[in-house]
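Enquirer: Supplied in structure tokens, the structure appears directly below.
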Amino acid sequence: MAIEQDLVNAVIDLDENKSYGLVKKMVDDGADPNKIIEILKKGVEEIGERFSRKEYFLTELVMAGEIFQQSAKLLEPILKSMEKASKSTGTVVIGTVKGDVHDIGKNIFVTLLQVGGYEVYDLGVDIEPIKFLEKVKEKNANIVAYSGLLTVALDSMKETTELLKTNGLRDKVKIIIGGLPVDEMWMKEAGADAFTDNAFEGVKIINEWLKSGGG
Numbered sequence: 128m129a130i131e132q133d134l135v136n137a138v139i140d141l142d143e144n145k146s147y148g149l150v151k152k153m154v155d156d157g158a159d160p161n162k163i164i165e166i167l168k169k170g171v172e173e174i175g176e177r178f179s180r181k182e183y184f185l186t187e188l189v190m191a192g193e194i195f196q197q198s199a200k201l202l203e204p205i206l207k208s209m210e211k212a213s214k215s216t217g218t219v220v221i222g223t224v225k226g227d228v229h230d231i232g233k234n235i236f237v238t239l240l241q242v243g244g245y246e247v248y249d250l251g252v253d254i255e256p257i258k259f260l261e262k263v264k265e266k267n268a269n270i271v272a273y274s275g276l277l278t279v280a281l282d283s284m285k286e287t288t289e290l291l292k293t294n295g296l297r298d299k300v301k302i303i304i305g306g307l308p309v310d311e312m313w314m315k316e317a318g319a320d321a322f323t324d325n326a327f328e329g330v331k332i333i334n335e336w337l338k339s340g341g342g
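Going by this note's numbering, the first residue of the sequence shown is number 128, and it counts up by one from there.
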């Protein structure tokens with residue numbers, strides 16, 4: 128459909144007003160909100176590709192994240208009104224770990240989880256391990272997500288997992304780590320259960336955990 132491609136192009140062009148207007152029109156026309164999220168995703172992924180090719184810069188990447196988040200939030204009431212299996216079972220504590228302040232990917236991940244019906248507690252950036260522990264205890268979370276882009280983040284992730292373990296909580300949660308440098312080695316070193324450098328894939332992983340009763 129033409130409107131779908133128009134929305135993809137609006138995101139790529141970083142046209143906030145057009146993006147929001149098209150999302151509202153699609154909602155008014157009765158479009159599936161999950162389909163709209165997928166369309167927004169295409170635009171964001173294209174910007175990510177252009178960023179990797181140095182055609183776009185960090186400023187554009189940040190702006191794209193903002194457009195995605197604000198557009199997705201227009202869909203949140205509709206998505207939350209739809210009965211989802213994850214709605215009552217997924218409680219996520221997330222934060223960028225100690226020593227790191229990057230949050231673009233984290234913020235997109237948070238938005239995706241929220242519009243998907245998850246209860247999300249975003250601790251922010253440069254978060255001490257004790258803060259993760261306290262929030263997991265307080266909210267009885269079953270998912271913990273660490274975000275980080277700097278190499279120093281790996282040590283903080285390991286420290287946080289160890290703290291959860293010594294307090295008897297490691298076996299009660301699933302841990303996912305995210306960020307551009309993360310890989311299987313990072314996952315193993317951090318004592319996590321999964322890793323991703325893509326917020327959309329991260330949500331799929333958590334959905335699968337909950338479907339299989341692993342979250």
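Virtual Cβ for every residue (Gly too), placed ideally from N, Cα, C.
In angstroms, rounded to a whole number, what distance separates the CA positions of Asp310 and Phe322?
Expert: Start at 1 with the first residue of the sequence shown, and residue 310 comes out as number 183. Start at 1 with the first residue of the sequence shown, and residue 322 comes out as number 195. Taking the straight line from one Cα to the other gives about 6 Å.
Enquirer: Could you give the DSSP three-state label for Lys225: helix, strand or coil?
Expert: For the purposes of this step, residue 225 is taken as residue 98 along the sequence shown, with counting starting at 1. Lys225 falls in the coil class under three-state DSSP.
Enquirer: Please check the pair Ile303 and Ile333, which I expect to be a contact at CB under 8 Å, by giving their CB distance rounded to whole angstroms.
Expert: Taking the first residue of the sequence shown as position 1, residue 303 is located at position 176. Taking the first residue of the sequence shown as position 1, residue 333 is located at position 206. Ile303 to Ile333, Cβ: 7 Å. Contact.
Enquirer: Note down the Cα distance separating Ala319 from Phe184, rounded to an integer number of angstroms.
Expert: Here residue 319 refers to the residue found at position 192 of the sequence shown. Here residue 184 refers to the residue found at position 57 of the sequence shown. About 31 Å.
Enquirer: Which term fits Lys233, buried or exposed, when burial requires 16 or more other beta carbons within 10 angstroms of its beta carbon?
Expert: Locating residue 233 in the sequence shown gives position 106, where the first residue counts as 1. Buried: at least 16 other Cβ atoms inside 10 Å.
Enquirer: Quick check: what's the CA-CA separation for Ser339 versus Asp230?
Expert: Position 212 of the sequence shown, counted from the first residue, corresponds to residue 339. Position 103 of the sequence shown, counted from the first residue, corresponds to residue 230. If you take the alpha carbons of Ser339 and Asp230, they lie about 29 Å apart.
Enquirer: Looking only at its own chain, which residues have a Cβ that is under 6 Å from the Cβ of Lys169, when we skip the five neighbours before and after it?
Expert: Along the sequence shown, one-based indexing puts residue 169 at 42. The answer, listed in chain order, is Val135.
Enquirer: Short of 8 Å in beta carbon distance, which residues of its chain neighbour Ile205, apart from the five on each side in sequence? Order them along the chain.
Expert: Counting from 1 along the sequence shown, the entry for residue 205 is found at position 78. Closer than 8 Å at Cβ, skipping near neighbours: Val154 and Pro160.
Enquirer: On the criterion of 16 or more Cβ atoms from any shown chain inside 10 Å, does Leu307 qualify as buried, or is it exposed?
Expert: Against the sequence shown, residue 307 aligns to sequence position 180. So Leu307 ends up on the exposed side.
Enquirer: To test your reading of the DSSP string, which unbroken alpha helix (DSSP H) runs of 4 or more residues are found completely within the region 134 to 221?
Expert: Listed in chain order, the complete alpha helix (DSSP H) runs (minimum 4 residues) inside the region 134 to 221 are 143 to 155, 160 to 179 and 185 to 208.
Enquirer: Buried or exposed: which applies to Thr293, given that a residue is buried once 16 or more other Cβ atoms fall within 10 Å of its Cβ?
Expert: Locating residue 293 in the sequence shown gives position 166, counting from the first residue. Looking at its Cβ environment, which holds fewer than 16 other Cβ atoms inside 10 Å, Thr293 is exposed.
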